[in-house]
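Novice: I am attaching a structure below and will ask some questions about it afterwards.
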Amino acid sequence: MKVLFVCLGNICRSPLAEGIFRTLSEKAGLNWEIDSAGTAGYHVGESPHRLSQKTAKSYGVDISAQKCRQFMATDMDYFDKIYCMDTDNYNEVKRISGNKWNAAKTALLLDALYPGQNKSVPDPWYGEEPGYHEVYHLIEQACDKILEKVKSEE
Ligand code: 4NP
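Quick note, the sequence shown lines up with residues 226 to 379 if you use my numbering.
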């Protein structure tokens with residue numbers, strides 16, 4: 226399985242999701258390919274935000290080697306599952322994908338916890354350090370839920 230996480234900048238939320246999901250899937254013995262991308266290109270080539278790196282490290286997850294990249298239409302073909310952090314980015318993924326758009330592959334990450342409620346992972350970019358911890362826990366719960374479902378279907 227190849228799994229992609231998408232947010233706006235690919236420096237705060239989706240790098241956390243990539244790191245958390247990679248760590249949890251490896252612990253579960255799954256050899257899956259995990260990546261993340263942003264719908265915007267503001268930070269391409271940059272490392273994850275200092276506070277995302279610091280927060281992840283405090284829970285034993287190292288995201289320091291990640292580099293920001295922008296989501297592209299070919300990602301829709303390549304990945305099996307694409308999890309978006311919010312509804313704006315879900316709509317951007319749809320727009321950028323053009324005729325490659327596949328609704329069956331694409332979901333809001335928080336649908337794993339709150340099905341059908343269209344909930345978004347809040348953007349910690351404008352806030353302080355505690356916001357990064359809140360987002361970390363929310364993403365971790367959703368990733369846990371996704372992997373629980375995978376295990377129950379094995
Ligand atoms: P992210 O947060 O989408 O979680 O990576 C943001 C990062 C950067 C910006 C906005 C959101 N920005 O406007 O540069």
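For every residue, glycine included, the Cβ atom is placed at its ideal position computed from N, Cα and C. Computed from a prediction, not measured in an experiment: that's the story for all the values here.
1. Is the segment 355-372 touching the segment 236-251 in the sense that three or more CB pairs, one from each, lie closer than 8 Å?
2. What I want to know is whether the C-beta of arginine 238 ends up closer than 8 Å to one or more non-hydrogen atoms of the ligand 4NP.
3. Going by DSSP in three states, isoleucine 288 sits in which element: helix, strand or coil?
4. Helix or strand or just coil, what does DSSP make of glycine 356?
5. In chain order, what residues of the same chain lie with their CB nearer than 6 Å to the CB of glycine 356, ignoring the 5 residues before and after it?
6. So, leucine 229 versus aspartate 260, is the Cβ gap smaller than 9 Å?
7. In terms of DSSP beta bridges, what is tyrosine 308 paired with?
8. Verify whether the separation of the beta carbon atoms of asparagine 343 and threonine 299 is less than 9 Å.
9. In this structure, how does DSSP classify aspartate 260 when only helix, strand and coil are distinguished?
10. Beta carbon of alanine 197: closer than 8 Å to some heavy atom of the ligand 4NP?
Specialist: The short version:
1. yes
2. Counting from one through the sequence shown, the residue named residue 238 turns up at place 13. Yes.
3. By one-based count along the sequence shown, residue 288 stands at place 63. Coil, per DSSP.
4. As a first step, residue 356 is located in the sequence shown; it is residue number 131 there, counting from the start. In this structure, glycine 356 counts as helix in the three-state DSSP scheme.
5. The residue labelled residue 356 in the question sits at position 131 within the sequence shown. Excluding sequence neighbours, glycine 356 sits near Pro349.
6. Position 4 of the sequence shown, counted from the first residue, corresponds to residue 229. Position 35 of the sequence shown, counted from the first residue, corresponds to residue 260. Going by C-beta atoms, leucine 229 is nearer than 9 Å to aspartate 260.
7. As a working note, residue 308 is residue 83 in the sequence shown. For tyrosine 308, which the question treats as bridged, DSSP gives the partners Phe230 and Ala332.
8. As a first step, residue 343 must be located in the sequence shown, where it is residue number 118. As a first step, residue 299 must be located in the sequence shown, where it is residue number 74. No, the Cβ-Cβ distance between asparagine 343 and threonine 299 is not below 9 Å.
9. For this step, residue 260 is matched to residue 35 along the sequence shown. Strand.
10. Shown here, the chain extends from 226 to 379; a query on residue 197 therefore has no answer.
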